[in-house]
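Structure, as structure tokens:
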Amino acid sequence: MKKYFQIIKGTWAEYMVYRLSFVLWRVRIVMQLLVTYFLWWAIFSQHETLFGYTQSMMLTYILLSAVVRPFVMGTRTQEVGMMINDGSLSNYLTRPINLFRLFWSRDIADKSLNIIFAIGEIAILILLLKPSIILQANITVLLFTFLALVIGVVLFFYFSMLLSLLGFWTSEIWGPRFLSFILVEFFGGMLFPLDILPESLFRVSTLLPFSYFIYFPLKVYLGQLSVISMISGLGVGLVWALGLKLLTELLWRRGLMVYSSEGK
Amino acid sequence: MKTVRKYFILWGKLTANSFLSILASRFGASIFLLGKTLRFLFFFVFLLTIFTKISFIATYSVAQAVFFFLTFNLIDTTTQLFFREVYRFRQLVVTGDFDLVLTKPMNPLFRALVGGADPLDLLMLIPYIGLLIYLSLQLGGIQFWSVTLYLILILNGFLIAAGFHILVLALAVVTTEIDHTIMIYRDLTSMGRVPIDIYREPLRGILTFIIPIGIMMTFPAKAFLGLLSPTSMLLAFIVGLVFFILSVRIWRFALTQYSSASS
Numbered sequence: 133m134k135k136y137f138q139i140i141k142g143t144w145a146e147y148m149v150y151r152l153s154f155v156l157w158r159v160r161i162v163m164q165l166l167v168t169y170f171l172w173w174a175i176f177s178q179h180e181t182l183f184g185y186t187q188s189m190m191l192t193y194i195l196l197s198a199v200v201r202p203f204v205m206g207t208r209t210q211e212v213g214m215m216i217n218d219g220s221l222s223n224y225l226t227r228p229i230n231l232f233r234l235f236w237s238r239d240i241a242d243k244s245l246n247i248i249f250a251i252g253e254i255a256i257l258i259l260l261l262k263p264s265i266i267l268q269a270n271i272t273v274l275l276f277t278f279l280a281l282v283i284g285v286v287l288f289f290y291f292s293m294l295l296s297l298l299g300f301w302t303s304e305i306w307g308p309r310f311l312s313f314i315l316v317e318f319f320g321g322m323l324f325p326l327d328i329l330p331e332s333l334f335r336v337s338t339l340l341p342f343s344y345f346i347y348f349p350l351k352v353y354l355g356q357l358s359v360i361s362m363i364s365g366l367g368v369g370l371v372w373a374l375g376l377k378l379l380t381e382l383l384w385r386r387g388l389m390v391y392s393s394e395g396k
Numbered sequence: 437m438k439t440v441r442k443y444f445i446l447w448g449k450l451t452a453n454s455f456l457s458i459l460a461s462r463f464g465a466s467i468f469l470l471g472k473t474l475r476f477l478f479f480f481v482f483l484l485t486i487f488t489k490i491s492f493i494a495t496y497s498v499a500q501a502v503f504f505f506l507t508f509n510l511i512d513t514t515t516q517l518f519f520r521e522v523y524r525f526r527q528l529v530v531t532g533d534f535d536l537v538l539t540k541p542m543n544p545l546f547r548a549l550v551g552g553a554d555p556l557d558l559l560m561l562i563p564y565i566g567l568l569i570y571l572s573l574q575l576g577g578i579q580f581w582s583v584t585l586y587l588i589l590i591l592n593g594f595l596i597a598a599g600f601h602i603l604v605l606a607l608a609v610v611t612t613e614i615d616h617t618i619m620i621y622r623d624l625t626s627m628g629r630v631p632i633d634i635y636r637e638p639l640r641g642i643l644t645f646i647i648p649i650g651i652m653m654t655f656p657a658k659a660f661l662g663l664l665s666p667t668s669m670l671l672a673f674i675v676g677l678v679f680f681i682l683s684v685r686i687w688r689f690a691l692t693q694y695s696s697a698s699s
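Those sequence lines, one after another, are chains L and D.
Quick note on our numbering: the first sequence kicks off at 133 and runs consecutively.
Quick note on our numbering: the second sequence kicks off at 437 and runs consecutively.
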């Protein structure tokens with residue numbers, strides 16, 4: 133356990149070495165948030181309610197997505213693909229360390245640092261922009277939101293790891309990751325709540341695991357789902373998470389059989 | 437004239453190499469192409485979804501909003517087609533390989549800015565241009581002056597885009613940071629996917645005069661639709677020219693700060 137805590141500390145230290153890069157990364161995140169925020173602010177300038185959302189509900193969704201995103205999707209697992217491709221994975225295979233736990237630790241470091249900054253940035257933006265936002269006080273809803281976030285974190289970890297493990301069979305790891313980003317951006321609900329989409333597209337989105345990254349936790353937070361919908365949503369998310377975990381572990385074992393430590 | 441010819445031949449050779457290098461991995465290229473297509477289609481769906489509930493954004497109809505979005509894609513994609521090398525510049529700086537560029541009888545800015553065009557963006561341009569022609573016919577026909585002004589303002593948009601990319605390169609020379617700055621530029625310009633008139637003040641003013649995204653992305657389409665005053669056009673050219681000259685000067689200053697890391 134101690135060694136994994138050291139990994140967390142090491143990852144934090146890494147970020148502090150490349151301070152300008154980290155600052156610009158945070159600027160970028162704020163910029164992405166503002167782009168979406170101002171777009172919705174403009175759309176709501178002539179309307180009280182759209183797609184069943186009031187302006188405050190929509191702006192709460194957009195602002196909170198900036199906190200949920202680094203919590204769920206903050207990851208370092210993309211490095212695994214590069215490690216496989218350049219052969220540096222061998223350095224880790226010979227050490228008394230579990231690669232999955234190593235990357236869980238790195239992800240915890242990444243998520244914690246980004247969330248601290250995200251909360252600070254959101255607080256400043258709320259003070260500056262003074263949007264009317266929804267503060268959820270219902271303990272049950274908050275508990276379900278937390279569970280939805282945990283499932284989102286697990287789901288995204290294995291999803292991202294799965295993309296990296298493709299590196300065992302191909303050196304073209306960035307193409308699938310780019311494609312996945314486009315799909316997650318749309319079907320994950322990063323730009324808007326998915327239920328504003330036409331019925332057929334919304335149905336497609338609910339069949340995919342991406343909606344559990346951003347949309348589902350925020351939909352739960354806004355209190356728009358019944359208890360049964362929340363429980364069934366958590367159940368489906370859990371099945372997706374377990375399924376992806378099993379698939380990732382299977383690919384990891386199969387991948388190690390074909391791993392040739394190319395480049396080393 | 438001889439210098440122009442030399443750089444034109446150089447650009448041809450660098451572009452041919454870049455095309456060969458990217459198309460060598462057909463699987464990766466196909467996936468990236470699919471991703472770019474989906475990104476376009478997804479925002480298009482989002483735009484149409486918005487218009488199922490509201491008839492107008494600001495004063496723009498759905499066809500006009502789509503025309504603005506296509507113009508954004510035309511400028512954004514052409515910019516990426518020509519300036520893709522900027523995304524690879526960091527590697528040159530952090531490894532010290534930029535020294536090799538500086539010692540060659542070639543303008544280093546030319547090599548860093550346009551030294552590696554992207555064939556995937558060239559392919560993406562075909563449907564965008566086709567859709568733009570189709571939509572402009574729907575919007576009341578193609579007239580000589582509207583098309584001329586549209587094209588001139590698009591060229592002005594490229595000039596501003598070149599200025600932004602030069603600023604990113606200059607920052608990379610001084611700080612070795614580029615990956616996030618170029619993406620900040622992309623995020624900022626993405627505000628031009630819709631006409632900037634829809635944003636409220638003071639954001640609209642900022643996007644026109646301070647960070648000239650509006651001049652770059654919105655003005656050409658407005659000119660085509662006959663919604664841009666002569667004063668605004670004059671202002672657009674002045675801003676474009678001043679912004680470009682300023683960015684080249686900043687690049688020249690940045691070169692004096694180059695420390696040849698790792699070499």
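From the three backbone atoms N, C-alpha and C, an ideal C-beta is built for every residue, glycine too.
- prompt: Would you report the Cα separation of S683 (chain D) and G599 (chain D), rounded to the nearest angstrom?
  reply: Looking up residue 683 (chain D) in the second sequence gives position 247. Looking up residue 599 (chain D) in the second sequence gives position 163. Each residue's alpha carbon lies about 5 Å from the other.
G448 (chain D) - containing alpha helix (DSSP H), residue span: Counting from 1 along the second sequence, the entry for residue 448 (chain D) is found at position 12. Segment 438–459, the alpha helix (DSSP H) holding G448 (chain D).
- request: Can you check DSSP and say which residues form a bridge with Y496 (chain D)?
  value: If you number the second sequence from 1, residue 496 (chain D) lands on position 60. When beta bridges are read from the DSSP output, Y496 (chain D) appears opposite D:I493.
Sequence-distant residues of the same chain with beta carbon closer than 6 Å to A597 (chain D), five excluded per side: The residue you call residue 597 (chain D) lines up with position 161 of the second sequence. For A597 (chain D), where only same-chain residues beyond five positions count, the Cβ hits under 6 Å are T515.
query: Can you list, in chain order, the stretches of the alpha helix (DSSP H) that have 4 or more residues and sit fully within the region 597–672 of chain D?
result: Taking only runs of at least 4 residues, the alpha helix (DSSP H) segments lying wholly in the region 597–672 of chain D are 615–625, 655–660.
- request: Check each residue of the region 147–176 of chain L: if its Cβ is closer than 8 Å to any Cβ of chain D, include it; give the result in chain order.
  value: Within the region 147–176 of chain L, the qualifying residues are L152, S153, L156, W157, V159, R160, M163, Q164, V167, F170, L171, W173, A174, I175.
message: For M669 (chain D), tell me which candidate among D:A697, D:P541, D:N509, D:N592 has the shortest Cα-Cα distance.
response: The residue you call residue 669 (chain D) lines up with position 233 of the second sequence. Ranking the options by Cα distance to M669 (chain D), first place goes to D:N592.
query: If you draw a straight line from the C-alpha of L607 (chain D) to the C-alpha of E613 (chain D), how long is it?
result: In the second sequence, counting from the first residue as 1, residue 607 (chain D) sits at position 171. In the second sequence, counting from the first residue as 1, residue 613 (chain D) sits at position 177. Distance between the alpha carbons of L607 (chain D) and E613 (chain D): 7 Å.
- request: Under 9 Å between beta-carbons, which chain D residues line up against G307 (chain L)? List them in chain order, please.
  value: Reading the first sequence from its first residue, position 175 is the one you call residue 307 (chain L). Within chain D, the residues S461, F463, G464, A465, S466, I467, F468, L470, G471 have their CB atoms less than 9 Å from the CB of G307 (chain L), given in chain order.
query: For a contact meaning CB atoms closer than 9 Å, what does V481 (chain D) contact in chain L?
result: The residue you call residue 481 (chain D) lines up with position 45 of the second sequence. Result: F318, L329, P330, L333.
query: Relative to the C-alpha of V286 (chain L), which residue among L:L297, L:D239, L:S392, L:Y193 is closest?
result: Against the first sequence, residue 286 (chain L) aligns to sequence position 154. In terms of CA proximity to V286 (chain L), L:D239 leads the group L:L297, L:D239, L:S392, L:Y193.
message: Judging by CA-CA distance, which residue of D:G552, D:L595, D:N543 is the nearest neighbour of L691 (chain D)?
response: One-based indexing of the second sequence puts residue 691 (chain D) at position 255. Measuring from the Cα of L691 (chain D), the nearest candidate turns out to be D:N543.
query: Taking Cβ positions, are F503 (chain D) and F324 (chain L) nearer each other than 8 Å?
result: Translated into the one-based positions of the second sequence, residue 503 (chain D) becomes position 67. Translated into the one-based positions of the first sequence, residue 324 (chain L) becomes position 192. In this structure, F503 (chain D) sits away from F324 (chain L), with a CB-CB distance that is not shorter than 8 Å.
task: Thinking G355 (chain L) and N270 (chain L) are a contact (beta carbons under 8 Å), I'd like their distance in whole angstroms, please.
output: In the first sequence, counting from the first residue as 1, residue 355 (chain L) sits at position 223. In the first sequence, counting from the first residue as 1, residue 270 (chain L) sits at position 138. Correct: roughly 6 Å between the Cβ atoms.
message: Quick check: the region 260–274 of chain L against the region 188–201 of chain L, are at least 3 beta-carbon pairs closer than 8 Å?
response: Flag = yes, the region 188–201 of chain L and the region 260–274 of chain L touch.
query: Do the CB positions of L605 (chain D) and M627 (chain D) come within less than 8 Å of each other?
result: Start at 1 with the first residue of the second sequence, and residue 605 (chain D) comes out as number 169. Start at 1 with the first residue of the second sequence, and residue 627 (chain D) comes out as number 191. No, they are not a contact pair.
- request: Please go through the same chain and pick out, in chain order, the residues whose beta-carbon is closer than 6 Å to the beta-carbon of M322 (chain L), but skip the five residues on each side of it.
  value: As a working note, residue 322 (chain L) is residue 190 in the first sequence. Excluding sequence neighbours, M322 (chain L) sits near I346.
query: In chain order, what residues of the same chain have a beta carbon less than 6 Å from the beta carbon of M560 (chain D), not counting five sequence neighbours either side?
result: Your numbering for residue 560 (chain D) matches position 124 in the second sequence. Same-chain partners within the cutoff: K472, T513.
query: Exposed or buried, what is E304 (chain L) when buried is set at 16 or more other beta-carbons lying within 10 Å of its beta-carbon?
result: Residue mapping note: residue 304 (chain L) aligns to position 172 of the first sequence, counting from 1. E304 (chain L) comes out buried.
task: Just the C-alpha distance for Y694 (chain D) and F318 (chain L), rounded to the nearest angstrom, thanks.
output: The residue given as residue 694 (chain D) occupies position 258 in the second sequence. The residue given as residue 318 (chain L) occupies position 186 in the first sequence. The straight-line gap from Cα to Cα measures roughly 41 Å.
message: Counting only Cβ-Cβ distances shorter than 7 Å, please list the residues of the region 209–220 of chain L near chain D, keeping chain order.
response: Within the region 209–220 of chain L, no residue has its Cβ closer than 7 Å to any Cβ of chain D.
message: I want to know whether the region 211–220 of chain L touches the region 337–353 of chain L - three or more CB-CB distances under 8 Å.
response: Flag = no, the region 211–220 of chain L and the region 337–353 of chain L do not touch.
query: Residue ranges of each alpha helix (DSSP H) run of no fewer than 4 residues wholly in the region 516–571 of chain D, ordered along the chain?
result: Runs of the alpha helix (DSSP H) lying entirely within the region 516–571 of chain D, each at least 4 residues long, are 525–531, 534–538, 544–550 in chain order.
task: Output, in chain order, the set of chain L residues within a Cβ distance shorter than 9 Å of R636 (chain D).
output: As a working mapping, residue 636 (chain D) is identified with position 200 in the second sequence. In chain order: F170, W173, A174, S177.
Assigned secondary structure, Y224 (chain L) (DSSP; H/G/I helix, E/B strand, else coil): If you number the first sequence from 1, residue 224 (chain L) lands on position 92. Y224 (chain L) carries a helical assignment under DSSP once its states are collapsed to helix, strand and coil.
message: Can you tell me whether Y290 (chain L) is helix, strand or coil according to DSSP?
response: Your numbering for residue 290 (chain L) matches position 158 in the first sequence. Three-state DSSP puts Y290 (chain L) in a helix.
- request: Would you be able to state if there are at least three C-beta pairs under 8 Å between the region 631–639 of chain D and the region 648–665 of chain D?
  value: Result yes; three or more Cβ-Cβ pairs closer than 8 Å.
message: If contact is defined by three or more beta carbon pairs under 8 Å, each pair taking one atom from either stretch, is the region 462–471 of chain D in contact with the region 297–312 of chain L?
response: The answer is yes - the region 462–471 of chain D touches the region 297–312 of chain L, with three or more Cβ pairs under 8 Å.
From D:F660, D:K658, D:F673, residue whose alpha carbon lies closest to that of F645 (chain D): Position 209 of the second sequence, counted from the first residue, corresponds to residue 645 (chain D). The option with the nearest alpha carbon to F645 (chain D) is D:F673.
query: Using a Cβ cut-off of 7 Å, which residues of the region 338–360 of chain L contact any Cβ in chain D, in chain order?
result: So the list is empty, because no residue satisfies the distance condition.
- prompt: Leaving out five residues before and five after Q574 (chain D) in sequence, what residues of the same chain have Cβ atoms less than 7 Å from its Cβ?
  reply: Numbered from 1 along the second sequence, position 138 holds the residue referred to as residue 574 (chain D). A499, listed in sequence order.
field: Chain-ordered chain D contacts of L323 (chain L) [CB-CB under 9 Å]
entry: If you number the first sequence from 1, residue 323 (chain L) lands on position 191. Here the neighbours are F478, F479, F482.
When D:F660, D:L663, D:T507 are compared against L567 (chain D), the one with the closest alpha-carbon: Numbered from 1 along the second sequence, position 131 holds the residue referred to as residue 567 (chain D). Looking at the Cα atoms, D:T507 is the closest of the given residues.
message: Check whether chain D comes within 8 Å of F310 (chain L), counting only Cβ atoms and requiring the distance to be less than that.
response: Indexing the first sequence from 1 puts residue 310 (chain L) at position 178. The beta-carbon of F310 (chain L) is placed less than 8 Å from the nearest beta-carbon of chain D.
- prompt: Considering I266 (chain L), what are the terminal residues of the alpha helix (DSSP H) in which it resides?
  reply: If you number the first sequence from 1, residue 266 (chain L) lands on position 134. Where I266 (chain L) is concerned, there is no enclosing alpha helix (DSSP H), given that its DSSP letter is neither H nor E.
- request: Check each candidate in L:L357, L:K377, L:L171 and name the one with the smallest Cα separation from L294 (chain L).
  value: Working through the first sequence from its first residue, we reach residue 294 (chain L) at position 162. A check of alpha carbon separations from L294 (chain L) across L:L357, L:K377, L:L171 identifies L:K377 as the nearest.
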